[in-house]
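Data block below; observations after.
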Ligand SMILES: [Zn+2]
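Numbering (our numbering), first residue to last: 1 to 491.
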């Protein structure tokens with residue numbers, strides 16, 4: 001492919017995202033000698049274990065945060081599943097990512113790839129792929145399904161393309177210039193092995209090796225999926241980290257070794273979120289029995305419903321529908337009756353309200369002491385309700401979730417060990433999960449190497465800092481929204 005290329009002022013940039021990799025898991029893998037590449041990158045550069053995810057700490061929300069630099073308030077992606085007020089239906093991004101990567105079902109192409117990127121992901125924000133392509137750089141993405149970019153990609157497999165045309169959905173996505181998603185999209189023939197029956201990260205590693213060998217990008221988003229899946233099902237977790245590590249190792253080898261690799265590339269290795277063990281599952285709608293609840297667009301008329309409840313992993317949201325009678329505070333109180341509910345939050349009268357156990361606080365942007373990320377909030381009530389050790393960057397993240405126009409009015413973060421069953425009753429009891437505000441779901445390792453002048457992020461880093469860092473790295477101005485005033489967009 002011929003591309004008008006702009007010379008890169010410094011190094012090219014690789015962003016590797018290992019889904020669900022927490023600091024402790026990375027330590028165990030390194031101690032067992034099964035993550036040698038990440039260990040070498042950390043030794044050559046910098047590793048810190050205080051990077052904070054967004055909230056809800058769920059993959060679509062987090063990938064959107066990494067690619068746009070926005071919490072849900074700016075990305076408009078509030079969760080794995082949510083109630084679409086305009087279309088009066090539930091949106092499900094689905095959890096069977098492995099199956100969809102291999103097969104490309106209608107559900108995936110429709111809601112995940114097309115709607116999430118082109119309709120749900122806010123038009124007022126700009127992805128790394130978009131702002132770098134606009135500046136003349138070549139971007140590439142491997143296996144990321146949050147992928148909005150400037151280049152139209154028809155679905156590569158003829159079968160899936162014909163299916164997409166027949167059922168009348170869009171048969172292309174807009175992504176980075178070089179885009180690879182399992183068997184569904186590939187802009188170049190790389191000779192990577194097929195990924196049917198698993199092996200997604202091995203396949204991704206082979207695609208990445210091909211890209212590095214051909215010097216095929218200025219920016220690469222290299223997404224590794226299986227570490228998250230292995231933890232959910234309680235499988236061979238260290239084995240999955242090892243495969244992810246060897247995928248990154250294939251990039252290093254393709255460049256001729258670590259030294260040459262870091263001469264050519266600045267590298268960020270990060271996770272989207274972490275995971276914690278799940279021992280019990282709960283029905284998030286249970287405390288609201290007795291209210292008229294929206295079940296699905298086929299079975300329910302939202303004009304006759306009071307509330308809709310969406311739940312997935314370790315977070316649940318309650319939406320007010322036409323017949324809602326109770327105040328948000330009362331709904332929050334009822335949700336707290338659930339043993340699985342730990343922190344419940346809602347917005348009202350210009351304040352963000354938070355409840356946990358018997359305690360209560362409210363906050364909004366305003367005069368107050370600056371937090372470790374420079375935010376200033378006015379806090380009233382129990383100021384110590386959310387200890388920063390247990391709930392890192394809590395106020396910024398709660399604000400980022402509650403002020404998302406697509407989020408529910410009341411949001412519930414799960415207690416340790418608990419998960420909310422999804423709409424199909426599925427859960428991960430016996431395995432791991434994530435989604436809550438708590439540190440064990442939210443704190444991720446951040447490895448940076450090859451940056452001129454040392455580690456590129458200081459203060460308390462957030463995964464929302466990566467997109468601004470990419471813009472700075474390439475000297476590109478990134479279109480930035482006006483900072484949301486406290487409750488802009490709620491309702
Ligand atoms: Zn997950």
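Using N, Cα and C, we set each Cβ at its ideal position, and we do this for glycine too. Note that the structure is predicted; figures quoted are calculated from it, not measured.
Practice task
Closer than 7 Å by C-beta to residue 385: which residues in its own chain qualify, once you throw out the five before and the five after it? Chain order, please.
Solution key: 354, 356, 359, 361
Problem - Span separating the alpha-carbon of residue 117 from that of residue 255 - result: 32 Å
Exercise for the section: Measuring alpha carbon to alpha carbon, tell me which of 471, 350, 251, 404 ends up nearest residue 379. Expected result: 350
Practice task
With DSSP collapsed to three states, give me the class of residue 217.
Solution key: coil
Practice task
Give a yes or no on whether the C-beta atoms belonging to residue 327 and residue 344 are separated by under 7 Å.
Solution key: no
Practice task
Determine the DSSP secondary structure at residue 102, reduced to helix, strand or coil.
Solution key: Reliability of the predicted coordinates at residue 102 is poor, the pLDDT of 48 falling under 50, and no value is obtained from them.
Exercise for the section: Look at the alpha carbon of residue 121 and the alpha carbon of residue 176, and state the distance between them as a whole number of angstroms. Expected result: 15 Å
Practice task
Report yes if the C-beta of residue 228 is less than 6 Å from at least one heavy atom of ligand 1; otherwise report no.
Solution key: yes
Problem - For residue 500, the nearest candidate out of 471, 127, 463 (CA to CA) - result: Absent from the structure is residue 500, since the part of the chain shown begins at 1 and ends at 491.
Practice task
Can you tell me which of the three DSSP states residue 203 falls into?
Solution key: helix
Handout entry: Nearest neighbour of residue 393, chosen from 324, 56, 24, 33 [CA to CA]
Key = 56
Practice task
Under the assumption that residue 83 contacts residue 310 (Cβ atoms under 8 Å), give the Cβ distance between them as a whole number of angstroms.
Solution key: 6 Å
Practice task
Out of 383, 444, 440, 473, state which residue places its alpha-carbon closest to the alpha-carbon of residue 454.
Solution key: 473
Exercise for the section: Please confirm whether residue 444 and residue 53 have their CB atoms less than 7 Å apart. Expected result: yes
Exercise for the section: Find the nearest neighbour of residue 37 within the set 263, 267, 399, 50, judged by alpha-carbon distance. Expected result: 267
Practice task
Just tell me which of 87, 67, 91, 86 has its CA closest to the CA of residue 78.
Solution key: 91
Handout entry: Which residues DSSP lists as bridging residue 212, in chain order
Key = None, per the DSSP bridge assignment.
Handout entry: Span of the beta strand (DSSP E) around residue 359
Key = 359-370
Handout entry: Residue span of the beta strand (DSSP E) that contains residue 154, given as start and end
Key = 151-154
Problem - Paired residues, beta bridge with residue 291 - DSSP - result: 289
Practice task
For residue 396, I'd like the list of residues in its chain whose CB is within less than 8 Å of its CB, leaving aside the five on either flank, ordered along the chain.
Solution key: 71, 371, 373, 375, 462
Practice task
Would you grab the beta carbon distance between residue 173 and residue 113 for me? Rounded to a whole angstrom, and I think it's under 8 Å.
Solution key: 5 Å
Practice task
Would you kindly report the start and end of the unbroken alpha helix (DSSP H) that includes residue 87?
Solution key: Note, residue 87: premise wrong, no alpha helix (DSSP H); not H, not E.
Practice task
Within the same chain, show all residues whose beta-carbon is closer than 8 Å to that of residue 307, passing over the 5 residues directly before and after it, in chain order.
Solution key: 288, 291, 292, 293, 294, 318, 319, 320, 321, 324, 331
Exercise for the section: Please name the residue or residues paired with residue 12 in a DSSP beta bridge. Expected result: 265
Practice task
Could you please give me the residues that DSSP links to residue 55 through a beta bridge?
Solution key: Its beta-bridge partners do not exist; DSSP assigns none.
Problem - Helix, strand or coil at residue 144 [DSSP, three-state] - result: coil
Exercise for the section: Pick out whichever of 315, 305, 284, 271 has its Cα sitting closest to the Cα of residue 334. Expected result: 284
Exercise for the section: Note down the Cα distance separating residue 447 from residue 367, rounded to an integer number of angstroms. Expected result: 34 Å
Practice task
For the beta strand (DSSP E) containing residue 282, list its first residue and its last residue.
Solution key: 280-282
Exercise for the section: Confirm, please, whether the CB-CB distance from residue 467 to residue 128 is below 7 Å. Expected result: yes
Problem - Bounding residues of the alpha helix (DSSP H) (the contiguous stretch that carries residue 37) - result: 36-44
Problem - Sequence-distant residues of its chain with Cβ nearer than 6 Å to residue 15 (five each side left out) - result: 221, 268
Practice task
Over the uninterrupted alpha helix (DSSP H) stretch that includes residue 242, give me the two end residues.
Solution key: 237-254
Problem - Buried/exposed call for residue 478, threshold 16 Cβ in 10 Å - result: buried
Practice task
Have a look at the DSSP bridge pairing and note the partners of residue 421.
Solution key: BP columns for residue 421 are empty, so no partner.
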